[in-house]
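Student: Here the working numbering is used: the first residue of the sequence shown is 52, the next is one more, and so on.
From the three backbone atoms N, C-alpha and C, an ideal C-beta is built for every residue, glycine too.
Have a look at the structure that comes next, please.
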Amino acid sequence: MTLITDDYRDQMRQMHVHREDFGKASSKWAPMVFELCDKFDTTDVLDYGCGKGELNLHLPFSVRCYDPGIPKYSHPPAPADIVVCTDVLEHIEPDLLDDVLRHLAASTKKALVLCICCRKAVKTLPDGRNAHLIIQQPLWWQEQLAKTPLVDWELPGGVQFTHLANNAVDTATWVLMNPEWLPRESGLLMPGSTAFDATARRLN
52 MTLITDDYRD QMRQMHVHRE DFGKASSKWA PMVFELCDKF DTTDVLDYGC GKGELNLHLP
112 FSVRCYDPGI PKYSHPPAPA DIVVCTDVLE HIEPDLLDDV LRHLAASTKK ALVLCICCRK
172 AVKTLPDGRN AHLIIQQPLW WQEQLAKTPL VDWELPGGVQ FTHLANNAVD TATWVLMNPE
232 WLPRESGLLM PGSTAFDATA RRLN
């Protein structure tokens, strides 16, 4: 299983060193992650593709961080109850996406939060490529997820929301849950939930 090539790892490390604003958007997910942890009665969280680790600064407990583009976070992670992977998959090398999705599935015990940007990035890589290596719509991403063990996971209440910009899908978000650990309480993170609505506002 290959998650990143050496050349692309170098591109990511350059971005993190030279762009202070790169990899700092995860804090807006803290309310949703906190509510999810409360529902599952856990504080075992992995921020997968953590960037500069902002999520860890906005929760009342420590979050494990993994990002192959940052040396101190590059060690392979152990599985966690809750895995958060936001603004990450669009940056993955296309030929390695299947491996990364399988690794995400293997790293998640109870629930996986995914947010994927569906448009071109404003930023460019040092080699001139757009920072988003994969630009696809939500249906395409669902088809990729269906190729992994995550296909059998629950999407409670059809939890998926999108953020539109200029009448096009800007980002798409899923909360996927292992049916073996699905809380009895229904309506988890549905619109109307404080954390759901707070996160949606931050996306807008």
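Can you tell me which of the three DSSP states E205 falls into?
Tutor: Residue state, collapsed to three classes: strand.
Student: Can you look up V210 in the DSSP assignment and give me helix, strand or coil?
Tutor: Model confidence at V210 stands at a pLDDT of 45, short of 50, so the residue's coordinates are unreliable and nothing is read from them.
Student: Count the other CB atoms within 10 Å of the CB of I143; is the residue buried (16 or more) or exposed (fewer)?
Tutor: By the neighbour-count rule (16 or more Cβ atoms within 10 Å), I143 is buried.
Student: So what does C166 bridge to, in DSSP terms?
Tutor: Per DSSP, T137 and T224.
Student: Using only the alpha-carbon positions, how far apart do P128 and C168 sit?
Tutor: Taking the straight line from one Cα to the other gives about 24 angstroms.
Student: Contact defined as beta carbons within less than 8 angstroms: I believe A131 pairs with V226. What is the distance between those atoms, to the nearest angstrom?
Tutor: The Cβ separation is near 15 angstroms, so there is no contact.
Student: Just the C-alpha distance for D58 and G120, rounded to the nearest angstrom, thanks.
Tutor: Looking at the two C-alpha atoms, the distance is approximately 11 angstroms.
Student: Leaving out five residues before and five after D98 in sequence, what residues of the same chain have Cβ atoms less than 6 angstroms from its Cβ?
Tutor: Cβ neighbours of D98 beyond the five flanking positions: L106, V114, C116 and V135.
Student: Measuring CA to CA, which of V202, L196 and T94 is closest to L110?
Tutor: Of V202, L196 and T94, the residue nearest in Cα terms is T94.
Student: Using only alpha-carbon positions, find the residue among T224, L201 and R170 that is nearest to P230.
Tutor: The shortest C-alpha separation from P230 is found at L201.
Student: May I have the straight-line CA-CA distance separating P177 from M66, to the nearest angstrom?
Tutor: In a straight line, the C-alpha of P177 is about 7 angstroms away from that of M66.
Student: Hey, Q195 and L165: beta-carbon distance below 8 angstroms or not?
Tutor: Cβ distance not < 8 angstroms, so Q195 and L165 don't count as in contact.
Student: Just the C-alpha distance for S125 and L190, rounded to the nearest angstrom, thanks.
Tutor: Cα to Cα, S125 sits roughly 30 angstroms from L190.
Student: Please report the residue range of the beta strand (DSSP E) in which C116 lies.
Tutor: Residues R115 to Y117.
Student: In the DSSP output, what is N181 paired with across the bridge?
Tutor: DSSP lists T175 as partners of N181.
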